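Read the structure below first, then the notes.
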Amino acid sequence: MKRVTFSIPKELKDKLDKYPDINWSEVAKEGIKKWLIKLEKFEQLENKGEI
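The sequence shown begins at 1 in the numbering used here and counts up by one.
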């Protein structure tokens, strides 16, 4: 599996730290997957000329 690193504002990190039991990497991974699904559907519609 590949590793991706990105920066977040300190305020956001402080909020994440309030919930140490949550696997934030998994939350981010699922969020990225959902966005990719939306983008792929958009591209399909665009390629069909439906947009």
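Cβ atoms here follow ideal geometry from the backbone N, Cα and C, with glycine treated the same way.
Every value quoted in this text rests on a predicted model; they were computed, and no experiment measured them.
Distance, residue j Cα to residue i Cα
i: Lys2; j: Asp21; result: 23 angstroms
i: Val27; j: Leu39; result: 19 angstroms
i: Leu12; j: Thr5; result: 15 angstroms
i: Trp24; j: Lys48; result: 36 angstroms
i: Ser7; j: Lys29; result: 15 angstroms
i: Asp14; j: Glu43; result: 36 angstroms
i: Lys34; j: Lys41; result: 11 angstroms
DSSP-derived helix/strand/coil call for residue i
i: Asn47; result: helix
i: Lys10; result: helix
i: Ile22; result: coil
i: Val27; result: helix
Beta-carbon gap between residue i and residue j smaller than 9 angstroms
i: Leu45; j: Ile51; result: yes
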